[in-house]
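Single-structure report; data block below.
There are 2 protein chains.
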Amino acid sequence: MELTERKKRILRIIVEDYIATAEPVGSKAISAKLELSSATIRNEMADLEELGYLEKPHTSAGRVPSPRGYRLYVNELMEEQRLSLEETRQINQALHTKMQELDRVIDQAGKMVSQLTNYPAFALTGGTGRVVVSRFDLILVDNNSFIAVIMTDSRQVRNKLFRLPNDLTVEQLQMLTTLLNTAFTGKTLEELTPELMRVAEHAAGSSYGLISIVVSFAMECLEDLENRSVYTAGASHLLEHPEYQDVGKAQKLMSYLADAPKLSSLPIPAMGEDNTRILIGPENVAEELKDTSVVLASYDIGDGMKGVIGVVGPTRMDYARVAAKLSCVAEGLSHLFGQELPPAGQDKTTDDGSGGNA
Amino acid sequence: MELTERKKRILRIIVEDYIATAEPVGSKAISAKLELSSATIRNEMADLEELGYLEKPHTSAGRVPSPRGYRLYVNELMEEQRLSLEETRQINQALHTKMQELDRVIDQAGKMVSQLTNYPAFALTGGTGRVVVSRFDLILVDNNSFIAVIMTDSRQVRNKLFRLPNDLTVEQLQMLTTLLNTAFTGKTLEELTPELMRVAEHAAGSSYGLISIVVSFAMECLEDLENRSVYTAGASHLLEHPEYQDVGKAQKLMSYLADAPKLSSLPIPAMGEDNTRILIGPENVAEELKDTSVVLASYDIGDGMKGVIGVVGPTRMDYARVAAKLSCVAEGLSHLFGQELPPAGQDKTTDDGSGGNA
DNA sequence: TTTAGCACTCATTATCCCTGAGTGCTAACG
DNA sequence: CGTTAGCACTCAGGGATAATGAGTGCTAAA
């Protein structure tokens with residue numbers, strides 16, 4: 487059954503008032519904004535309550551939106567907030583300044599979102615499933631150290647500097663590289679067995695166990711990349727909001743946020759328009775989130791993989807503002823990963839118009 | 487003036503009792519542990535209070551150690567806690583499993599310390615001062631992408647994958663590598679001027695601005711490495727302790743911990759024995775830490791550089807336990823960075839005794 | 001020097017009461 | 001029939017008051 491236009495207007499006022507003030511809103515406040523007496527409003531509010539859109543903290547307080555009320559607000563009543571051009575520009579610039587490795591960027595983005603919204607934020611990377619090494623490169627640094635660079639099929643690159651007790655020649659290293667690339671690329675974590683290593687080690691001859699060392703490193707990287715990684719930021723923002731003045735509540739949520747494995751196993755729901763999704767209170771599956779809201783946005787990592795960035799807060803959350811900012815950041819991230827050349831170079835060296843790149 | 491042996495014993499009991507219970511400790515509780523009447527204890531406590539080692543929250547509560555009391559306890563009364571072999575083993579193993587890049591290890595170590603102690607922890611890396619690139623390597627991945635690997639004089643390695651709109655040949659890349667290594671190694675951040683890039687760009691001919699792109703990346707890395715980086719973990723542990731049941735207090739400290747720039751500019755005092763240092767309440771210079779204690783331990787990063795790892799908590803902190811664990815972790819870190827070959831390889835592939843490495 | 005005893009202090013907790021914001025209901029009004 | 005004024009009712013929040021009890025300082029005796 488559809489609500490009357492007037493009921494919707496009232497609901498909307500209640501939600502927005504409550505979001506702004508965190509105080510239950512009473513009939514008088516609304517009658518002031520609408521040209522109706524408080525008694526009329528009370529009747530309407532009673533209806534809205536019966537329909538499950540409003541709740542009373544207690545008999546003699548005003549009304550507060552129920553999760554269902556927020557849901558209706560988010561679905562129908564909320565005006566999509568447009569960020570000013572200035573704001574989007576700032577966000578994108580902040581993203582672009584650091585063109586580091588993927589995970590650093592994501593971490594940074596999480597911090598940014600938290601700062602932007604004043605809520606705790608978290609960011610998850612793809613959760614790739616199976617990853618394999620697509621190439622090994624070994625770079626000789628000096629007689630007894632070298633850098634191993636590995637790249638995966640998902641185009642992530644990791645490196646590590648190794649020091650050795652013995653001398654090492656370019657030839658040895660080249661031989662090793664070839665061996666690694668023939669025997670260990672394209673193999674999943676499980677396929678990289680100790681046997682395989684032993685065989686290769688044998689084939690390499692007197693290489694002091696270098697194969698195992700590099701492959702072990704690769705395995706760690708694979709493990710790292712196969713699992714979603716989690717970054718959280720700004721947990722302390724929780725305490726700014728009146729609903730978390732109760733230390734017990736705050737702590738419960740904060741420990742949940744600090745628990746990376748739990749967070750990373752968060753089931754990711756399908757995104758709506760704008761690539762965002764809003765989960766209100768009990769709509770969350772995780773027990774710890776039952777009376778908080780989560781706003782999510784997904785971003786493209788490339789290769790069809792997706793990551794998620796999200797904000798956690800009380801159900802009384804400024805959904806419009808948060809969703810807008812989150813969406814902007816997520817879009818910025820997708821753009822960042824999707825493009826050919828990072829544009830930071832343009833920023834810093836515009837004085838000479840050498841390259842004709844997109 | 488030296489305290490009598492008995493006064494010291496009383497002070498020690500008070501400190502340890504208070505650390506354990508967070509309740510002011512009264513004369514009766516002590517008289518039970520010592521063979522003295524409560525009245526005698528009261529007299530002694532009155533003395534200790536006059537000397538500034540104890541405080542009363544109010545007239546009719548027990549006594550609480552003052553910062554000065556904690557200091558005496560830490561300096562003279564506290565028994566250095568030895569971790570069990572099992573514990574040290576666990577800590578070292580946990581550190582060794584992840585033999586990733588330096589900053590990941592440090593981050594991990596911070597998390598570990600927090601978990602070990604149930605207090606928030608933070609970790610700072612060296613804060614190197616001037617860093618320069620010691621070598622560039624470019625690895626051709628396919629026609630239109632390559633990996634740039636840069637290594638600094640402080641032996642840190644960073645990498646990034648670049649995609650290009652145009653094709654690229656091995657020769658071009660080799661040429662670029664040489665050019666980068668001749669013109670841009672050994673230069674500080676300030677010396678890597680746009681002019682220098684323009685000149686090199688010109689020398690390289692039609693390379694689509696690749697020089698600037700790689701050098702820009704290098705500059706970002708340098709900037710990153712020159713500044714101390716900060717990692718914090720386990721802020722939510724704060725809320726577990728009764729002294730932070732007051733949300734205002736908790737929030738003040740948590741925001742301080744979340745403020746990376748502030749934390750990284752924390753002046754690092756000289757370390758004592760065990761490479762640890764305890765700062766009690768007002769001994770801290772930072773205003774925000776005036777009524778919290780900080781336990782620090784320093785670790786060697788190599789090349790004579792040092793990092794710091796620390797724990798933050800109320801002055802009522804289990805100094806012995808925290809210092810012991812922190813020291814163990816810091817030692818583990820130094821060891822990890824100092825040694826020739828990471829021992830993780832041994833762990834996973836002991837089945838064949840191929841290499842003769844330390 | 002130690003101890004028993006006693007008067008005193010004061011945070012904590014419970015109880016009570018008042019106030020005021022807000023409600024539901026009813027009856028009158030247009 | 002929808003709207004409104006009026007009125008009795010509810011209940012959280014805040015202040016005042018009192019009882020409780022843990023702990024103290026001081027004094028006088030052992």
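Residue numbers (our numbering), protein chains in the order written: chain A, 487 to 844; chain B, 487 to 844. Here a beta-carbon is modelled for each residue, glycine too, at the ideal position from N, C-alpha and C. Since the structure is predicted, the reported quantities are computational estimates derived from the model, not experimental observations.
By the Cβ-count criterion, residue 602 of chain A is buried, with 16 or more other Cβ atoms from all chains shown falling within 10 Å of its own Cβ. Rounded to the nearest whole angstrom, the CA to CA distance from residue 767 of chain A to residue 504 of chain B is 40 Å. By a beta-carbon distance limit of 8 Å, residue 625 of chain B does not contact residue 560 of chain A. Their separation comes to about 48 Å.
In chain order, 733, 736, 737, 740 make up the part of chain A whose C-beta sits under 8 Å from the C-beta of residue 725 of chain B.
Runs of alpha helix (DSSP H) with 4 or more residues, each lying fully within the segment 681-722 of chain B, are found at 696-712, listed in chain order. Across the set B/607, B/588, B/531, B/568, the C-alpha of B/607 shows the shortest separation from the C-alpha of residue 720 of chain B. Put simply, the backbone Cα of residue 820 of chain B is about 34 Å away from that of residue 663 of chain B.
Separation of the CB atoms of residue 795 of chain A and residue 609 of chain A is rounded to 4 Å, and the pair is thereby assigned contact status at 8 Å.
From the listed residues A/712, A/747, A/547, the smallest Cα separation to residue 638 of chain A is found for A/712. The segment 751-765 of chain A makes contact with the segment 803-813 of chain A: 3 or more CB pairs, one atom from each, lie closer than 8 Å. With fewer than 16 other beta carbons inside 10 angstroms of its own, residue 492 of chain B counts as exposed. The Cβ-Cβ distance between residue 784 of chain B and residue 744 of chain B does not fall below 8 Å. Contact residues of the segment 619-638 of chain A toward chain B are 620, 621, 623, 625, 627, 630, 631, 633, 635, 637 (C-beta to C-beta distance below 9 Å). Taking 8 Å as the threshold, the shortest C-beta distance from residue 744 of chain A to chain B falls below it.
Excluding the 5 residues flanking it on each side, residue 600 of chain B has same chain C-beta neighbours closer than 7 Å at 606, 607, 719, 720, 723, in chain order. Your pair residue 648 of chain A and residue 699 of chain A checks out as a contact, with CB atoms roughly 7 Å apart and the cut at 8 Å.
Its chain contains 610, 613, 713, 714, 715, 716 as the residues whose beta carbon lies nearer than 8 Å to that of residue 750 of chain A, once the 5 sequence neighbours on both sides are disregarded; these appear in chain order. A residue is called buried once 16 or more other Cβ atoms fall within 10 Å of its Cβ, and residue 550 of chain B is buried on that count. Under the three-state reduction of DSSP output, residue 762 of chain A falls in the strand class. About 5 Å separates the Cβ atoms of residue 780 of chain A and residue 798 of chain A, confirming a contact at the 8 Å cut-off. Taking the Cα positions, residue 740 of chain A is about 43 Å away from residue 522 of chain A. Residue 754 of chain A carries a coil assignment under DSSP once its states are collapsed to helix, strand and coil. In this structure, residue 731 of chain A places its C-beta atom within 8 Å of the C-beta atom of residue 733 of chain B. Distances from the CA of residue 748 of chain A to each of A/774, A/543, A/628, A/488 were compared; the closest alpha carbon is that of A/774. At a Cβ-Cβ threshold of 8 Å, residue 705 of chain A and residue 678 of chain A count as neighbours. C-alpha of residue 772 of chain B to C-alpha of residue 801 of chain B: approximately 15 Å in a straight line.
Residue pairing from DSSP places residue 608 of chain A in a beta bridge opposite A/718, A/796.
Around residue 721 of chain B, the beta-carbon contacts reaching into chain A at under 9 Å are 721, 722, 740, 744.
Around the beta carbon of residue 538 of chain B, a 10 Å sphere encloses fewer than 16 other beta carbons of the protein chains shown; the residue is thus reported as exposed.
As the crow flies, the alpha-carbon of residue 806 of chain A is around 26 Å from that of residue 547 of chain A. Looking at the DSSP output, residue 622 of chain A sits in a beta bridge with A/636. In this structure, residue 632 of chain A lies near residue 659 of chain A, with their beta-carbon atoms less than 8 Å apart. If you ignore the 5 residues before and after residue 519 of chain A, its C-beta comes within less than 7 Å of the C-beta of 499, all in its own chain and listed in chain order. If you draw a 10 Å sphere on the C-beta of residue 793 of chain A, you find 16 or more other C-beta atoms in it, and that means buried.
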